[in-house]
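In the numbering used here, the protein residues as written are 447 to 565. Don't be surprised by glycine CBs; every beta carbon is placed ideally from N, CA and C. Working notes, beginning with the structure itself.
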Amino acid sequence: ALAALAAGELHTCAEGEGSCAEPDQKLDCSESVQQASAAHAQAAVAAQEAAAWKEAAQALNATVGELAAEIESLRLAHAGAVREQAAAGARLAELQAQTAAQAETQAAAAKMRPRATRQ
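Here it is as structure tokens:
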């Protein structure tokens with residue numbers, strides 16, 4: 447009977463109790479422990495993967511922040527260059543106007559000078 451009990455072939459019932467102690471239940475418990483261990487191992491792997499994804503996301507966010515700062519710096523530099531170009535354009539227009547005024551003055555002065563007589 448003990449060999450049959452160990453082999454899971456014998457079911458015994460305690461007297462006065464309505465439940466039976468079945469060796470198959472011990473096997474189910476062992477399987478549950480194995481399933482729980484496997485689930486625990488899978489959860490540990492998932493936690494490691496989640497930590498790796500979190501680290502990658504933080505690195506990506508840092509890179510995005512650095513790029514945003516660089517873009518802002520370039521935008522400010524571009525705005526400064528545009529202002530400088532506008533100022534240079536205004537100065538060029540001023541110099542061109544002065545040059546034109548001087549040319550007109552010289553042309554008017556040339557008309558008023560007596561011409562040398564030709565022989």
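Under the three-state reduction of DSSP, Arg561 is assigned to coil, being neither helix nor strand. Going by C-alpha positions, His486 is about 34 angstroms away from Thr509. Counting only runs that start and end inside the stretch 472-506, there is no alpha helix (DSSP H) element of at least 4 residues.
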